[in-house]
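Residues 0 to 308 (numbering that gives the first Met the number 0) make up the sequence shown, in order. Yeah, the Cβ is synthetic: ideal placement off N, Cα and C, and Gly gets one too.
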Amino acid sequence: MTVEVIARCTEALMGTVENELGEFENHGWTGDSALGAADALANAEYEDELLRAIGEEIGDVDVHSRITASASTARRTTAAILDIVNQASVVLGSGDPLLAMFSGDERLETAEDGKTAQGLIEALFEEVIEDADASLETAWQREDAIGLYERDKSVVDEAGTVWFPAPAGRVGITRETLTAEPSARGWGLEFATDLAGIAWYVEGIADDEELARLRAPVTGRVVASTVSSIILTLGAGQVERWRDAFFEDALSRCYEFTDRDHYEHEDRSDYETDCREALKHLLDTGRDFAAGVTAYAALAYALQQAGRK
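Set out below in structure tokens:
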């Protein structure tokens with residue numbers, strides 16, 4: 000291919016990825032559109048033959064079919080939920096007055112039950128992280144099972160279940176999961192809802208004595224609300240890092256290869272190889288950012304809904 004053709008292909012593929020993610024550059028990480036970000040990028044990747052070829056070179060996706068590609072996207076979104084929660088949890092060791100910082104009520108910093116509340120926040124986070132980790136394991140199992148089923152329908156038992164070994168016995172992925180259209184939105188909301196139920200359930204980790212000590216202004220609801228605020232406030236920083244990796248690094252790098260005059264006298268094969276590597280980096284960081292946007296939107300929605308109950 001000539002420099003002109005390579006540059007034109009590069010611009011086209013850049014445009015496809017950027018079109019799907021451009022609206023999320025400036026913190027538009029909640030709402031219906033954000034929930035669909037990862038699925039939309041996956042669909043654009045699958046529909047474009049050249050972009051799909053780039054994706055196959057990157058890996059981290061089962062490219063056997065659209066179904067398995069969607070399952071890989073959903074699994075990446077589940078991993079992003081865990082990354083967001085883990086990022087939010089680093090504040091726990093800071094020694095800062097979390098109740099006051101994240102509720103905006105300075106009275107909570109010196110409240111008599113502050114230490115009890117701090118301990119409950121830490122305990123809730125342990126449960127939340129454990130749940131997010133278990134969700135990712137489930138997503139991996141679903142993705143593996145869907146891939147196996149797409150290749151060979153006979154892997155299921157008589158009830159239509161694929162079985163995996165587990166420490167406590169076996170884990171089964173049912174026909175309902177194997178044949179349903181997987182989506183980052185669906186899996187993200189499912190796992191985020193489970194996580195939010197834990198984050199807002201102080202009674203699940205506190206004994207009667209601890210609950211009895213909690214009274215206004217420090218209540219169980221304030222503790223749960225603080226956990227939710229920490230996740231969304233600190234988790235946003237993780238999404239920003241994914242955003243910067245895409246827009247500030249990967250996209251800028253690709254733009255360099257659209258300068259036809261600069262590369263006209265370069266070795267054609269080196270130029271094509273460098274373009275390919277830049278596009279792989281672009282799609283890879285785009286996948287991460289899209290998964291992060293969907294994960295954050297799912298967490299924001301689920302935490303808000305759980306807080307209303």
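Quick check on P181: buried or exposed, where buried means 16 or more other Cβ atoms within 10 Å of its Cβ? buried
Which residue comes first and which comes last in the alpha helix (DSSP H) that contains V226? 219-243
Who does F163 pair with in a DSSP beta bridge? V170
Tell whether a beta-carbon distance below 8 Å holds between T173 and G196. no
How is the alpha helix (DSSP H) around D82 delimited, first residue to last? 65-88
Going straight from the alpha carbon of E24 to that of L233, what length do you get? 18 Å
What residue does the alpha helix (DSSP H) around E209 start on, and which one ends it? 207-212
Going by beta-carbon coordinates alone, are I120 and A191 separated by less than 8 Å? no
Express the C-alpha separation of A277 and L34 in angstroms, rounding to a whole number. 27 Å
Where does Y200 fall in DSSP's three states? coil
Leaving out five residues before and five after D47 in sequence, what residues of the same chain have Cβ atoms less than 8 Å from its Cβ? L12, T15
Under a three-way DSSP split, which group does K308 fall into? coil
Would DSSP call E56 helix, strand or coil? helix
Whose C-beta lies closer than 6 Å to the C-beta of L188 among residues of the same chain, with five residues either side of it excluded? A297
Using a Cβ-Cβ cutoff of less than 7 Å, which residues in the same chain neighbour T257 once the five nearest sequence positions on both sides are dropped? A6, T9, E10
Return the CA-CA distance between D130 and L210, expressed in angstroms with no decimal places. 23 Å
Should L20 go down as buried or exposed, given a rule of 16 or more other Cβ atoms within 10 Å for buried? buried
Nonlocal neighbours in the same chain, by C-beta distance under 8 Å from A235, ignoring five residues either side: H26, W28, Y295
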